[in-house]
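Structure, as structure tokens:
Residue numbers (the working numbering): 5 to 166.
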């Protein structure tokens, strides 16, 4: 498996992965959605236009997964990391995440910050396997109009709709 840098000319090629990331993320919220390749292409171009480093794991000419990094000195945030189902547990995520850690290290930092959906157990297990165990922050918002959270999550003594 090889690591490749993604540029604007690769937007059509990586759009299916970005669309897959979005539909998977929706599924964690109980939302069934169809991949939107047009929106995915626009999204990746927007990240690239902002100068976000984007890399893909490639095997035999096929893109297995990708990572989008956002640099906000002094921090590096993983905006997206997604690996196609058939390439999971084959080293693609480790290769991609290793690149994010390498960039952070080149900035003089010893950690990468990650946004993770609380239902994304696979990603949480992956991060724990890499030594990421400190919960850094919790995002709290009002419910969207018509939103009916399906469950509750407890943090210490507080309960939050989710």
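Positions of the beta carbon are idealized from the N, C-alpha and C atoms, including for glycine.
Checking 8 Å against the spacing of the C-beta atoms, do residue i and residue j come in under that value?
i, j, result
"residue 111", "residue 147", "no"
"residue 48", "residue 73", "no"
"residue 71", "residue 104", "yes"
"residue 62", "residue 140", "no"
"residue 56", "residue 124", "no"
"residue 86", "residue 134", "no"
"residue 54", "residue 15", "no"
"residue 130", "residue 97", "yes"
"residue 118", "residue 136", "yes"
List the DSSP bridge partners of residue i.
i, result
"residue 157", "164"
"residue 6", "62"
What is the C-beta distance between residue i and residue j, in whole angstroms, given that I count them as a contact (C-beta under 8 Å)?
i, j, result
"residue 25", "residue 84", "5 Å"
"residue 116", "residue 80", "5 Å"
"residue 12", "residue 52", "5 Å"
"residue 69", "residue 21", "7 Å"
Enumerate in chain order the residues of its own chain whose CB-to-CB distance from residue i is below 8 Å, with the five nearest sequence positions on each side excluded.
i, result
"residue 34", "154"
"residue 28", "86"
"residue 113", "78, 79, 80"
"residue 30", "36, 37"
What does a CB cutoff of less than 7 Å around residue i pick up in its chain, not counting 5 residues either side in sequence?
i, result
"residue 18", "10, 48, 60, 67, 70"
"residue 157", "122, 164, 166"
"residue 99", "5, 7, 61"
"residue 169", "Only positions 5 to 166 of the chain appear in the structure, and residue 169 is not among them; the question remains open."
"residue 161", "none"
- What runs of the alpha helix (DSSP H), each 4 residues or longer, lie entirely inside the segment 61 to 118? Entirely contained in the segment 61 to 118, the alpha helix (DSSP H) runs reaching 4 residues are, in chain order, 96 to 110.
*Can you give, in chain order, each stretch of the alpha helix (DSSP H) that sits fully within the segment 20 to 59 and has at least 4 residues?*
Qualifying alpha helix (DSSP H) stretches, in chain order: 41 to 53.
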